[in-house]
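See structure below.
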Amino acid sequence: MADYKAPLREMNFLLHEVFEADKLWARLPALAETADRETADAILEEMGKLAANTLDPINRSGDEEGCHWNDGVVTTPKGFPEAYATYCEGGWGALVGNPEFGGMGMPKMLGAQVEEMLCSANISFALYPVLTNGACLALDAHGSDELKQKYLPNMYAGTWAGAMDLTEPHAGTDLGIIRTKAEPQDDGSYRITGSKIFITGGEHDLSENIIHLVLAKLPDAPKGPKGISLFLVPKILVNEDGSLGERNAVHCGSIEHKMGIKASATCAMNYDGAKGWLVGEVNKGLAAMFTMMNYERLGVGIQGLGASERSYQSAIEYARDRVQSRSPEGAKQPEKTADPIIVHPDVRRMLLTQKAYIGGARALSTYVARWLDLAKFAEGEEKQHAEAMVALLTPVAKAFFTDKGLECTVLGQQVFGGHGYIREWGQEQLVRDVRITQIYEGTNGIQALDLIGRKTVANGGAYFELFAADVQAFIDANAENEAVAEFIAPLATELQRLKDVTATVLEAAKTDPNAPGAASVEYLHLFGYVAYAYMWAKVAAVAAGQADDFYRGQLKTARFYFARLLPQTKALAESVQAGSETLMDLEEALF
1 MADYKAPLRE MNFLLHEVFE ADKLWARLPA LAETADRETA DAILEEMGKL AANTLDPINR
61 SGDEEGCHWN DGVVTTPKGF PEAYATYCEG GWGALVGNPE FGGMGMPKML GAQVEEMLCS
121 ANISFALYPV LTNGACLALD AHGSDELKQK YLPNMYAGTW AGAMDLTEPH AGTDLGIIRT
181 KAEPQDDGSY RITGSKIFIT GGEHDLSENI IHLVLAKLPD APKGPKGISL FLVPKILVNE
241 DGSLGERNAV HCGSIEHKMG IKASATCAMN YDGAKGWLVG EVNKGLAAMF TMMNYERLGV
301 GIQGLGASER SYQSAIEYAR DRVQSRSPEG AKQPEKTADP IIVHPDVRRM LLTQKAYIGG
361 ARALSTYVAR WLDLAKFAEG EEKQHAEAMV ALLTPVAKAF FTDKGLECTV LGQQVFGGHG
421 YIREWGQEQL VRDVRITQIY EGTNGIQALD LIGRKTVANG GAYFELFAAD VQAFIDANAE
481 NEAVAEFIAP LATELQRLKD VTATVLEAAK TDPNAPGAAS VEYLHLFGYV AYAYMWAKVA
541 AVAAGQADDF YRGQLKTARF YFARLLPQTK ALAESVQAGS ETLMDLEEAL F
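Position one of the sequence shown corresponds to residue 1 (the UniProt record's numbering), numbered consecutively onward.
This is how it looks when you write it as structure tokens:
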């Protein structure tokens, strides 16, 4: 398998040329003194080195060894504790953290690029710090000053890790039916009793302590999701002076044996009267948890992007080296017994499809991260606008990135032929690792329901209109730009198609309760294709007319996307507009 090389040129191009991030940072007071182009470039370069030199080399060995469980103690694979120590020494866990508690306060636009490199190099490793980041976000937004002062500095430092404990054996998507209990104690703490499953990083040997954020219900809580509260439950209790004290009554009962991400400990956690503290308000636990969901769901989408990039890098190297048959145009390398397989149209189709989806996803992740930064650091109407855009785009990013992530890793595997099925080449691991991204942090079907239901039908399409207006503004601004006319006209057509389909679903939902669900997945994919078209058009607007090979490659990839991938919107639109009748007509007994 090819050695991983961070795509720094592509990342810098998006940050500085397409989205002009430094101009945004300069006008936001919280970022003006913290983030600039020079700092961003240095951070990306250093993470590129860490990803390539420290994390990528232990990816395959970590998969082969996996995590070990022995009487509640979880051991990560060889090399992971040392790599984690190196990660923490570099201060990476503090990158986007609150400066008041030891964070660096960097923007998510930069954090998204860092996460991609982590995930390309080693998804299993990346999950440990990424989950800690999520726990920090929720705690910083909703915890009391006392809790933040006590826990955040060590969590940013990586000395203590974080875990998000939501799922129970009978309650995954429907968290309203969780059974974990929280009983108030006289000292202001709570006694937590219950069990959770699928807890990423619930137990491991990387940090001195693990801080669990646990969803539970008080004895008198209302039924359903309105009765859920959020609690901080440390693995080891923390003394008043900040030192570690006694072991809390929270233990790992087992770890899962999984299809992929085997070096990530996926734990069953038991709380036997563990001591915890309320985070946020009573019965407002889901609201507190959703503070970090937009970040985490974008993060899962980035896992799909990261795996795609890693697969592509290996596939392109293999396609240049592997010789099989002659080019349809005649021998390209007559001195050899055959030509490299990159000369064959179908191999080029697979590679270009990967490249186009990766470029679209990287641009869209940067675009979504930009809105996240505005939602966090802007004020007034701009902040509200950004929050609505984040709400709309998050399910698209999570689901479309990961659906295409699996497709891209399978394509990368296919380029290798039979060798792609063999462990030593690394492609089969990427296929296995990326598969979970379509499932956790809300399955992609749930993301599609969220997009069409909560984010579109529930507000009468108001959020969608914000996105459509943003795309239309770009179209209008480039209406006279002949250099990108080949992209602007089809983008306008696709935007109108998405508008028409959205209107169809909004109308159908008035009389058919099944209409949103029946349309959901195809609608999300349609949205994703149009969003990628918008991103590629923005890229083309910068690349057009520039002679450098990098820009020429961007422009030609944009053309491929518009010509060969974007036409799938026509079939998706027809599927959505077919309605729910044929889907719901078959009686259950006839399945």
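All residues carry an ideal CB built from backbone N, CA and C; glycine is no exception.
Which of helix, strand or coil DSSP assigns to C252: DSSP places C252 in strand when its eight states are reduced to three.
Helix, strand or coil at N98 according to DSSP, with G and I counted as helix: Coil, per DSSP.
Boundaries (first-last residue) of the alpha helix (DSSP H) holding G194: For G194, no alpha helix (DSSP H) encloses it; the enclosing beta strand (DSSP E) starts and ends at 190-200.
Test item: CB-CB of A315 and I341 under 8 Å: Their beta carbons are not under 8 Å apart, which means A315 does not touch I341 by this criterion.
Bridge-paired residues (DSSP) for N444: None, per the DSSP bridge assignment.
Among Q303, R349, L392, F467, nearest to N294 - alpha-carbon criterion: Among Q303, R349, L392, F467, the Cα nearest to that of N294 is on L392.
Contact under 8 Å by Cβ, M106 with L95: Contact: yes.
Candidates N248, L230, S229: closest to V238 by CA position: Selected option, being the one with the closest Cα: N248.
For D450, the nearest candidate out of H419, F487, Y523, G227 (CA to CA): With distances taken between CA atoms, D450 lies nearest to Y523 out of H419, F487, Y523, G227.
Helix, strand or coil at H525 according to DSSP, with G and I counted as helix: Under the three-state reduction of DSSP output, H525 falls in the helix class.
Same chain, Cβ closer than 6 Å to S575, neighbours up to 5 away in sequence not counted: Correct list, in chain order: E522.
Buried or exposed by the 16-neighbour rule on C-beta atoms within 10 Å, applied to Y271: Residue environment analysis places Y271 among the buried positions, since at least 16 neighbouring C-beta atoms fall within 10 angstroms of its C-beta.
Beta-carbon gap between E441 and V250 smaller than 8 Å: The answer is no: Cβ separation not under 8 Å.
Segment contact flag, the region 421-433 with the region 483-491, C-beta cutoff 8 Å, min 3 pairs: Note that the region 421-433 does not touch the region 483-491; fewer than 3 beta-carbon pairs, one per stretch, sit closer than 8 Å.
Reduced DSSP secondary structure (H/G/I, E/B, other) of E329: Residue state, collapsed to three classes: coil.
Outcome for G330 when other beta-carbon atoms lying within 10 angstroms are tallied against a minimum of 16: Around the beta carbon of G330, fewer than 16 other beta carbons sit within 10 angstroms, so the residue counts as exposed.
Start-to-end residues for the alpha helix (DSSP H) that takes in S308: DSSP places S308 in the uninterrupted alpha helix (DSSP H) bounded by 285-321.
Contact the region 505-524 vs the region 570-587: 3+ CB pairs below 8 Å: Taking 8 Å as the limit for Cβ pairs, the verdict is that the region 570-587 does touch the region 505-524.
Coarse secondary structure for L215, derived from DSSP in three states: L215: strand per DSSP, three-state reduction.
Whole-angstrom distance between L24 and R370, CA atom to CA atom: For R370 and L24, the distance between alpha carbons rounds to 9 Å.
Beta carbon of E168 nearer than 8 Å to that of T159: No, the Cβ-Cβ distance between E168 and T159 is not below 8 Å.
Helix, strand or coil at P516 [DSSP, three-state]: Here P516 sits in helix by DSSP.
Simplified DSSP assignment, three categories, for F231: Assigned with DSSP and collapsed to three states, F231 falls in strand.
Neighbourhood of Y156 by C-beta, 6 Å cutoff - its chain only, sequence neighbours within 5 removed: So the qualifying residues of the chain are G93, A94, G97, G102, G103.
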